[in-house]
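Beneath this line is the structure, given in structure tokens, with notes to follow.
There are 2 protein chains.
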Amino acid sequence: MRTRRENRGRNAAAANRVALIGAAREQFASEGFDASLSAIARQAGVGQGSLYRHFPDRVSLALAVFDDNVTALEALAATPASTLDDLLALITEQTAASVAFIDMLHASDEDPRLRDVVGRVRDLLDGKLRAARHDGRIRPTVTADDLLLAVRMVAGLLAKSVPGERAELADRAWAMLRPAITG
Amino acid sequence: MRTRRENRGRNAAAANRVALIGAAREQFASEGFDASLSAIARQAGVGQGSLYRHFPDRVSLALAVFDDNVTALEALAATPASTLDDLLALITEQTAASVAFIDMLHASDEDPRLRDVVGRVRDLLDGKLRAARHDGRIRPTVTADDLLLAVRMVAGLLAKSVPGERAELADRAWAMLRPAITG
DNA sequence: TACCAACCGGACGGGGTCGTCCGGTTGATT
DNA sequence: AATCAACCGGACGACCCCGTCCGGTTGGTA
């Protein structure tokens, strides 16, 4: 929460943008994708006007927040040493950290920008899956869509649970799902 | 949606109650546990006042709606011929039919009445699980809590999906989870 | 210094919900 | 017919959110 005096004037734009993204990250994390935009502006110490000037709609704000997440996933996947399990673990960690990221993974929403995010995640899973088919013990019938389904199941479980219990719940959930993947 | 004239007067109470439960069932099904109470009263063709007179709070209305669901589950479980799979199938069917029932199954909520509902479901799963340990092929380490976890995973998946896709999604989800149960 | 483009905060209108409160209707009872 | 307990619908005040609009501030520039 920034003070209200320092963010006026000509070159406050960049700082305001950063503050908005930070506040949005927190609100999205706890409240989900439908978090109140007013609350985000409030927490950022910024007027409603500035919020809408920087981010014309809720989706563009969400993309600014969660692009970091997907970028981190892509960076991990690009490391040849990283395994499919590593990737699933990071996704799980990210979902545990933010209800809105869970919401984005489901994206039954119509906005194509949100579907693109899911597409990127799916592609990463697909890539690692192909690599793992050779290296590890992967059940041959498993598809990338199956993996995405599993991710969504775990995510949906975490969505409606107390943050403190998420890590343990995720472990139990993956313990049940892993046999279906590794055979 | 009832007409507005027939539900005045001294003995309209019972009819209003029925209309409210019906409207609530529909609204809860599509909007989830947080459905608008105003909308429910509106759809029932009943004033706000009557809604709150019959059901002082949202939970009591939800209980009136979903007691039927749990009763049906208990009836099925009481049939000796019914299997654990039958029970899981009916639960899945009920969750697919109502977002609010999904919400109730998670009940990270503090209200003890909601937790009781989950408790009843858990007990049913526990009973059938014990029976199935003798009859069918059940992995011995599986507990009732594991089953509840699986149910919640599938439910959480269905919660954020288009109703039309739910049946197929549920099938795929259970296909992945079944190995963890039957071993 | 005087100007002004760029940017800002927050008020505002429109819309929704919640829960309460009350005047009005109904029909059983006397 | 007169009464009145039981019950009803919906208005109402308090609250919140969304998205726009505008007067006000800032600081670079001439």
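Residue numbers (the working numbering), protein chains in the order written: chain A, 137 to 319; chain B, 137 to 319.
Ideal placement from N, C-alpha and C gives every residue a C-beta, glycine not left out.
As the structure is a prediction and not an experimental result, all values here were calculated from the model.
| query | Using 9 Å as the limit for Cβ to Cβ distance, is B/Pro248 near chain A? | reply | no
| Helix, strand or coil at A/Pro248 according to DSSP, with G and I counted as helix | In the structure shown, A/Pro248 sits in a helix (DSSP, three-state: H, G or I).
| Euclidean distance between Cα positions of B/Leu260 and A/Ala198 | One C-alpha to the other measures close to 41 Å.
| C-beta atoms of B/Asp282 and A/Met312 nearer than 9 Å | It is a contact, given that the beta carbons lie within the stated cut-off.
| A/Lys296 in three-state terms, based on DSSP | coil
| field | Whole-Å CB distance - B/Val206 paired with B/Ala160, under 8 Å assumed | value | So it is not a contact: roughly 16 Å between Cβ atoms.
| When the cut-off is 9 Å and only beta carbons count, does B/Asp222 lie next to chain A? | no
| Can you name the residues of chain A whose CB is closer than 8 Å to the CB of B/Ala225? | Simply none; closest approach about 17 Å.
| task | Report the residue from B/Val235, B/Leu224 and B/Asn152 whose alpha carbon sits nearest the alpha carbon of B/Val287. | result | B/Leu224
| field | A/Gln230, buried or exposed, once every other Cβ within 10 Å from all chains shown has been counted against 16 | value | With 16 or more Cβ atoms within 10 Å of its Cβ, A/Gln230 is classed as buried.
| Is B/Asn147 helix, strand or coil by DSSP? | Three-state result, B/Asn147: coil.
| said: Considering Cα atoms alone, identify which of B/Met289, B/Leu305, B/Asp222 and B/Gly183 is closest to B/Ala267. | reply: B/Asp222
| query | Going straight from the alpha carbon of B/Arg302 to that of B/Ser172, what length do you get? | reply | 24 Å
| query | Considering only residues of the same chain and omitting the five flanking positions on each side of B/His270, which have a CB-CB separation below 6 Å? | reply | none
| request: Counting only the same chain and skipping the five closest in sequence on each side, list residues whose C-beta sits under 6 Å from that of B/Ile274. | output: Ala268
| Cα separation between B/Thr219 and B/Trp310? | 16 Å
| query | Alpha carbon to alpha carbon, how far is A/Arg189 from B/Ser234? | reply | In this structure, the straight-line span from the alpha carbon of A/Arg189 to that of B/Ser234 is close to 39 Å.
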